[in-house]
Each structure stands twice: as C-alpha cells, then as structure tokens.
Amino acid sequence: PIPPYEDILVQALVNDTNPAGGSEGVEIVGLHWQRNSLTADTNSVAMQVAYNLVIEQYVFGRRIDGYGNGTTVYWWISAMDVEGNISTTNKQSYIIGTLGTDNDLTPYDYYLHGNYPNPFNPVTNIIYSMGTASDVTIMVHNIQGQLVKNLFIGNVKPGQHTVSWNGTNNFAQSVPSGIYIYSVKSNRQILVGKMMLLK
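Numbered by our numbering, the letters in the sequence shown go through residues 1498 to 1696 in order.
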C-alpha cells in the first residue's frame, strides 16, 4: 500500500504583506507539510495538487478574518492517500495577539518585515529579523504550493537579515509572472509572506 502522509508540520503566525507592497497587518496561519509520492492533496479550502512521483514540500497560507485579540484558534490537517488511509495531525492552537513592531523583539522572537520592492522585476529583497541565533531555511513556492527555489539554508546571528530573489527556480530558469509565497523557517517557527513578480 501507498504510505499515508509523513512529517506533517503545522506552524506559524505571520504578518501578511500584500502584493502591492506595504503591510496589511493581518495574521494568517502558515501550513507546511511534506507529501509522499503518489498521493493527492486536498484541504478544507479545496486546494488541489496533481499526482507526482517525488517527495515535495508545500506551503499554504490562509487569512483569518473576524477574530479579535485573545481568541484561541484551533486547526489540524487530515490527509487521505489513494487507498483511503487517513492520517491526521494533532490539534494545534494559538491565541491571537496584537501584532508587534520591530522594537518589540525579545530574545525569543523573530519578525518578517516583508519583501521590497513588491511587485518586483527582476529582483526583490526579503527582510527578516532574528532574536537569537538560529538555523534558517528560506524557500519560494508557487501559488499551487510547489517548491520553486531554495533561497537560503544556514545559521544566522541575531539581528536583521536580507536575502534576494531574482525570479529564477532551482535550475536557474526564469519563472513566469504571478504571485509567489516565501517562507522563512527557523528552529522555532515558520513565517510566510507573498510577493508578485511582474514582467
């Protein structure tokens, strides 16, 4: 039988950045998971992903409207393979709080400042701050959640950092115009933002 989903990781609150640039100040939940070969993906908002023969990583962000500070939000992922086997993550939760500013960083916080310019052509800069030294992975996915580019993998020191993306994939090929999702994953959580490439 085809194995069910593995290594399902669900994390992160982010300060969303709109494609036209500037901060909207909305919180979204970033869902990040790894898919086994020959399985079909769906979720509660009906994102469809085609069959594939390789392990891929997907990132999906969903905006949360209508919840005030102090509200507890719960979520989980259930995944079904082609034989009907179902795997479900443990229930996750977080409490919605007030979005902070750069000056609010504590030794255990980090912050995604967004990317500039946005929209962009041909290069944009993703800016983030770390409260402590951490292993960091920065990736770009297309709107279908498929990995486009591994931008950075390494250890960073506390402080503000910038990584650039020139609109190419892992094979140095130019990607088409459109909205792309970037994720900044540290030892503690994953932050997700969106950007628009215009050609």
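We put the CB at the ideal spot given by N, CA and C, even for glycine.
Figure out for me which residue from N1615, N1639, Q1641 and N1647 has the closest Cα to the Cα of V1489.
-> Outside the displayed span of the chain (1498 to 1696) sits residue 1489, for which this structure offers no information.
Does DSSP classify L1695 as helix, strand or coil?
-> Within the sequence shown, residue 1695 is the residue found at index 198, counting from 1. Coil, per DSSP.
Over what stretch of residues does the beta strand (DSSP E) that includes K1682 continue unbroken?
-> Within the sequence shown, residue 1682 is the residue found at index 185, counting from 1. Here the beta strand (DSSP E) through K1682 covers G1675 to K1682.
What number of angstroms, rounded off, separates the C-alpha of G1656 from the C-alpha of M1627?
-> Here residue 1656 corresponds to residue number 159 of the sequence shown, with the count starting at 1. Here residue 1627 corresponds to residue number 130 of the sequence shown, with the count starting at 1. Going from the Cα of G1656 to the Cα of M1627 covers about 5 Å.
Compute the minimum distance between the beta carbon of N1647 and the heavy atoms of the ligand MN, and state whether it is under 8 Å.
-> Among the components of this structure there are no ligands whatsoever, and the ligand MN is therefore not found.
Any idea if F1668 is buried or exposed, counting beta-carbon neighbours within 10 angstroms, 16 or more meaning buried?
-> Taking the first residue of the sequence shown as 1, we reach residue 1668 at position 171. Counting Cβ neighbours within 10 Å, F1668 comes out exposed, since fewer than 16 surround it.
Bridge-paired residues (DSSP) for I1624 | The residue you call residue 1624 lines up with position 127 of the sequence shown. Answer is G1611 and T1659, bridged to I1624.
Determine which residues share a DSSP beta bridge with N1647 and list them.
-> Position 150 of the sequence shown, counted from the first residue, corresponds to residue 1647. Paired residue(s): M1636.
Determine the DSSP secondary structure at S1520, reduced to helix, strand or coil.
-> As a first step, residue 1520 is located in the sequence shown; it is residue number 23 there, counting from the start. Low confidence applies here, because S1520 scores a pLDDT of 40, under 50, leaving its location unreliable; read the following figure in that light. S1520 falls in the strand class under three-state DSSP.
Report the residue from Y1625, Q1686 and L1609 whose alpha carbon sits nearest the alpha carbon of H1658.
-> Counting from 1 along the sequence shown, the entry for residue 1658 is found at position 161. Looking at the Cα atoms, Y1625 is the closest of the given residues.
C-alpha distance - I1687 paired with V1620, whole-angstrom precision = Translated into the one-based positions of the sequence shown, residue 1687 becomes position 190. Translated into the one-based positions of the sequence shown, residue 1620 becomes position 123. Spanning the two alpha carbons is a distance of roughly 23 Å.
Collapsed DSSP secondary structure at V1672 in the structure displayed = Residue numbering aside, residue 1672 sits at position 175 when the sequence shown is read from its first letter. Secondary structure of V1672 (DSSP, three-state): coil.
Per DSSP, cross-strand counterpart(s) of G1690 | Position 193 of the sequence shown, counting from 1, holds the residue named residue 1690. Answer is Y1679, bridged to G1690.
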